[in-house]
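What follows is a set of notes on a single structure, which appears directly below.
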Amino acid sequence: MADNIKVCIRCRPFNKRELELQSEKCVEMPISTQICVFDPTEEGGNRNEFAYDRCFWSTDDTSFEKADQQTLQDEVGQELLENAIKGYNDTLFAYGQTGSGKTWSVIGGSDIHGADAGLLPRLITNLYVKLRESSEWQFTVTVSYLEIYNEQLRDLFAPKSGSGGPGAGDQTRDSGANKRASTSSGANSQNLEIKVHPTLGIFVPGMTEAVCMSEDEVMKMLDFGFNQRAVAETSMNPRSSRSHTIFTISVVLYQGTLEKPTKQLNSKINMVDLAGSERQKKTNAEGDHLKEGAAINQSLSNLSLVIHALAAQCSGKSKKKEHVPYRNSKLTHFLQPALSGNSKTVMIAAVSPALNNIQETLSTLRFANSAKEIKTKPTTNEQSNQSVMDQLKDQIKELQKQLAAGGGTAGPAQLDPNILKEIQELKELKDKFGESFEEKLAQGEMTRALHDDHMDAMGLMPPDDPDAPCLLSISADAALSGKMCFYVTKKKELVLGSGSDVDVRLAGLGITEKMCGLRHLNDEALQINLFLDAEKKLPEVYRNGMRLAPTDKVLNHNDRLFFGKAFAFRVLIPAVARTEEKREEVLDKEFDDLVGELMDTQSENFHQTREFMETIGEHVGQQNAERFLKQFAQCLPLVNEANQIAKEVRPQDRLLMRLDVLIDPMQFRNAPPALCVRLYKLAPPEDGPVDNEDLKREYVVNTTAAIAEDLEDIFVDGVVDGRAVVELAVFSWTNFLTRLHGMRETFDDWHHGKLHNWDLEPDPWSEVSYLDHHEHHVEKSYHKSAAAEKDVHLDVALENLQNTNNLRNASGALLPNAGLNSKIGE
Numbered sequence: 007m008a009d010n011i012k013v014c015i016r017c018r019p020f021n022k023r024e025l026e027l028q029s030e031k032c033v034e035m036p037i038s039t040q041i042c043v044f045d046p047t048e049e050g051g052n053r054n055e056f057a058y059d060r061c062f063w064s065t066d067d068t069s070f071e072k073a074d075q076q077t078l079q080d081e082v083g084q085e086l087l088e089n090a091i092k093g094y095n096d097t098l099f100a101y102g103q104t105g106s107g108k109t110w111s112v113i114g115g116s117d118i119h120g121a122d123a124g125l126l127p128r129l130i131t132n133l134y135v136k137l138r139e140s141s142e143w144q145f146t147v148t149v150s151y152l153e154i155y156n157e158q159l160r161d162l163f164a165p166k167s168g169s170g171g172p173g174a175g176d177q178t179r180d181s182g183a184n185k186r187a188s189t190s191s192g193a194n195s196q197n198l199e200i201k202v203h204p205t206l207g208i209f210v211p212g213m214t215e216a217v218c219m220s221e222d223e224v225m226k227m228l229d230f231g232f233n234q235r236a237v238a239e240t241s242m243n244p245r246s247s248r249s250h251t252i253f254t255i256s257v258v259l260y261q262g263t264l265e266k267p268t269k270q271l272n273s274k275i276n277m278v279d280l281a282g283s284e285r286q287k288k289t290n291a292e293g294d295h296l297k298e299g300a301a302i303n304q305s306l307s308n309l310s311l312v313i314h315a316l317a318a319q320c321s322g323k324s325k326k327k328e329h330v331p332y333r334n335s336k337l338t339h340f341l342q343p344a345l346s347g348n349s350k351t352v353m354i355a356a357v358s359p360a361l362n363n364i365q366e367t368l369s370t371l372r373f374a375n376s377a378k379e380i381k382t383k384p385t386t387n388e389q390s391n392q393s394v395m396d397q398l399k400d401q402i403k404e405l406q407k408q409l410a411a412g413g414g415t416a417g418p419a420q421l422d423p424n425i426l427k428e429i430q431e432l433k434e435l436k437d438k439f440g441e442s443f444e445e446k447l448a449q450g451e452m453t454r455a456l457h458d459d460h461m462d463a464m465g466l467m468p469p470d471d472p473d474a475p476c477l478l479s480i481s482a483d484a485a486l487s488g489k490m491c492f493y494v495t496k497k498k499e500l501v502l503g504s505g506s507d508v509d510v511r512l513a514g515l516g517i518t519e520k521m522c523g524l525r526h527l528n529d530e531a532l533q534i535n536l537f538l539d540a541e542k543k544l545p546e547v548y549r550n551g552m553r554l555a556p557t558d559k560v561l562n563h564n565d566r567l568f569f570g571k572a573f574a575f576r577v578l579i580p581a582v583a584r585t586e587e588k589r590e591e592v593l594d595k596e597f598d599d600l601v602g603e604l605m606d607t608q609s610e611n612f613h614q615t616r617e618f619m620e621t622i623g624e625h626v627g628q629q630n631a632e633r634f635l636k637q638f639a640q641c642l643p644l645v646n647e648a649n650q651i652a653k654e655v656r657p658q659d660r661l662l663m664r665l666d667v668l669i670d671p672m673q674f675r676n677a678p679p680a681l682c683v684r685l686y687k688l689a690p691p692e693d694g695p696v697d698n699e700d701l702k703r704e705y706v707v708n709t710t711a712a713i714a715e716d717l718e719d720i721f722v723d724g725v726v727d728g729r730a731v732v733e734l735a736v737f738s739w740t741n742f743l744t745r746l747h748g749m750r751e752t753f754d755d756w757h758h759g760k761l762h763n764w765d766l767e768p769d770p771w772s773e774v775s776y777l778d779h780h781e782h783h784v785e786k787s788y789h790k791s792a793a794a795e796k797d798v799h800l801d802v803a804l805e806n807l808q809n810t811n812n813l814r815n816a817s818g819a820l821l822p823n824a825g826l827n828s829k830i831g832e
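Note that the numbering used here has the sequence shown beginning at 7, numbered continuously upward.
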């Protein structure tokens, strides 16, 4: 019998930024199955009404009883649990824009063991309670955890070692632990594949599956997976918000023995936390909230195609049977049974109540409207392991016959490698179903021991001293905050960096081989020592927003540290925490707030600018000069980050960005300074240094002629840091922030091995608007996967723009943004 996908809506409370913006409420829920969206600023405006299976109001107490985490468990989680006990497969997937509360609903807050626990931890606890209550059935519970990022399938239960992330940096640790920890890196680094079996459905060869006898063992596995996600962050763009995770609980209920049961029920519960359906982040520069840009997750575009195609089929709106492009992405491939096969499926669509998110809210609700039309075909799974093994044996024999028929007398060289691979995968699957309960249990214990070794090798295992100070991670993804905790003991210095001879190994943008060392100064403070890099430069380490100088040595309780452009931590000193009153303004700091408070007052660029502003301070006013310097210091780390990315990702192009102003400095008293970012191409190193005395920018010389001779390399056209340059483009500050978002994603892709095609993919250094380029790229992918007519309007616009630039270049006109693509390649 066909079942419709059950669709639930959850409206979260206003977040901190929405409250700061004083955004009005644009959502109401008149009854528990209806949601209305409207614009309160439009008198008599349209009210968009939607009806679903259940609507959860978690915003406030104004409409009706507020739905908390336990409400969600009672009305959604309990149904999933009952289905699993009866032998049905379950899938729950959470959809919505970034920050809408998807992860909060599925996983919970930073403490997933307390009142903030989401559906998954509550379901795990209730599952074991339910299973132990039964005297009729025996059971086994097996768990797995996968992440899909950039079409790469990653096993979050396989520890990652080596250069890809925080690894076993302390060479003095137990060699056996390090040896065991390194054995899984191959499985983790390979791109796992999704396979479909006619009886078993979806399976992933090589994926770690661990038998867990208690909820504590499952939660320990889940925590390890969180840690794996936390250490994978490599830039200020949270990778976690752009990846999908799938936590699977496999339950086997049997009577008799597992090897020869008299009766058996099998079920799977897939908990899917999807990436944000859009990405909207805001950063603060001198009080102005600026959008950093938007990026559409392509796999979500494919999911949308699948949902709409299935909805058209199930509703009868489509006269012909449409092709459903499940295999266009790994996400839709994995979700195929949940969307049209053997599964009882629930969708939670998470939305914001704020008016400034009304378009994203409407988009989410329309997507959910399509999903509720889809029907699945759930059936109970009663096959025994032995019957599955018999099927697999028959399939292996059939493939071996095909192999023999195809090989002939030519020998093994002619054997089809695809068939050989399929045979091997089926053999591994057969062996897995043939394992005894004791073997499964031993493998689960071995996996957890391997996890402990790996955590110890990374410096994440708690020491014997409960009062040991530590660094507690802060993440842009609230669910990952606090998942990394590095302890500083009295015995030795804790060294952080990306090299192989450190205690805490961090891999990310701006992380040098040996950044700093932390020592136990006393019971109330830590000591930090900065290490120079290979070029004798200080590492980028920020304390409470200010870049550290060599003389900065002391770290206090609740200090906030930022390493490079990737990792943020809070200093916790338990002895102080017990006596000091909680400073909520510190504890409530969001990751974006930490990024926004970073100020670089140590760089040469800042010192030059300060010298210049001090010189002209009497002309523009001391207050204006100080305000400008503060803004400049806040923006400078972001420009430095862009330069670090370019140096890593495309060093051959010799790109350099400089923070600058668009108006005459002498006019600051009449208007706030308009910051811009200039993109240059440096001359080859072999060209040698250039004297810039005759290249001072004209407007500086004209307005400050009396002091220009005393300035060094400030506001220079044609020379930067003593090297000849060609100016390629000038970006407004807002434009630069949008591009920086793309640069971070490019770096993250590069760091994880994905090669970027600058001709075909969005290029944040391009003269064409990055968002236009990105939207064009996504639009092309969308129409290609849908086999629809290609939209050529933007192609024509881009072509016309390029033709215009070519004509202007031919006429000798100077274009600030023109010619970038050609000049980069020179």
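C-beta atoms are modelled at their ideal positions from N, C-alpha and C, and glycine is treated no differently.
For SER738, the number of other beta carbons within 10 angstroms of its own is below 16, and it is reported as exposed. Taking 8 Å as the upper bound for CB-CB distance, VAL82 and THR146 are not in contact here, some 25 Å apart. Minimum Cα-Cα distance from PRO472 among the listed residues LEU152, TYR493, LYS427 and THR453 corresponds to TYR493. According to the DSSP assignment, PHE573 belongs to the beta strand (DSSP E) that extends over 573 to 578.
THR740 sits in a helix when the DSSP states are folded into three classes. The continuous alpha helix (DSSP H) containing HIS460 extends over residues 443 to 463. Counting only residues of its own chain and dropping the five nearest sequence neighbours on each side, ALA57 has a CB closer than 7 Å to the CB of THR39 and GLN40. Closest by C-alpha distance to MET353, out of PRO19, HIS339, ALA374 and ILE429, is ALA374. Under the three-state reduction of DSSP output, PHE232 falls in the helix class. When C-beta atoms of the stretch 492 to 510 are compared with those of the stretch 257 to 272, fewer than three pairs fall below 8 Å, so the two segments do not count as touching. The way I'd put it, the stretch 447 to 463 does touch the stretch 149 to 166; three or more beta-carbon pairs between them come closer than 8 Å. By the beta-carbon neighbour count (other beta carbons within 10 angstroms, threshold 16), GLU153 is buried. Here the C-alpha atom of ASP483 lies approximately 43 Å from the C-alpha atom of GLU142.
In terms of CA proximity to THR97, ASN276 leads the group LEU125, ASN276 and VAL202. Between the beta-carbon of TYR94 and that of PRO331 there is about 27 Å, and that puts the pair past the 8 Å contact cut. Counting along the chain, the unbroken alpha helix (DSSP H) around CYS320 starts and ends at 304 to 321. In this structure, the straight-line span from the alpha carbon of LEU665 to that of ASN646 is close to 9 Å.
A straight line joining the alpha-carbon of MET490 with that of GLU48 spans about 47 Å. Taking C-beta atoms as the reference points, PHE340 and ILE208 count as a pair closer than 8 Å. ARG633 and ALA639 have their C-alpha atoms spaced approximately 10 Å apart. Around HIS526, the same chain offers VAL494 and LYS496 as residues with beta carbons nearer than 6 Å, after the five sequence neighbours per side are excluded.
Pairing ALA531 with PRO468, the inter-Cα distance amounts to about 19 Å. For ASP437, the enclosing alpha helix (DSSP H) covers residues 423 to 440. DSSP links GLY207 through a beta bridge to HIS203. Closest by C-alpha distance to GLN449, out of ASN132, LEU734, GLY115 and GLU215, is GLU215. Unbroken alpha helix (DSSP H) runs of no fewer than 4 residues, entirely contained in the stretch 11 to 41, are found at 22 to 26, following chain order. Note on LEU398: 16 or more other CB atoms within 10 angstroms of its CB, so buried under the neighbour-count rule.
Note that the C-beta distance between VAL394 and THR205 is below 8 Å. Taking a cut-off of 8 Å on C-beta distances, the stretch 72 to 79 does not touch the stretch 23 to 36, as fewer than three cross pairs fall below it. Around the beta carbon of CYS42, fewer than 16 other beta carbons lie within 10 angstroms, which makes this residue exposed. In this model, LYS687 and ALA648 are separated by some 14 Å (Cα to Cα).
Residue state for LEU544 is assigned as coil, using DSSP reduced to three classes. When DSSP states are grouped into helix, strand and coil, ASP693 belongs to the helix group. Ranked by how close their Cα comes to the Cα of ILE255, the residues VAL237, PRO267, ARG248 and VAL278 have VAL278 in first place. Assigned with DSSP and collapsed to three states, ASN52 falls in coil, not helix or strand. Looking at the backbone, the Cα of GLN144 and that of LEU345 are separated by about 30 Å.
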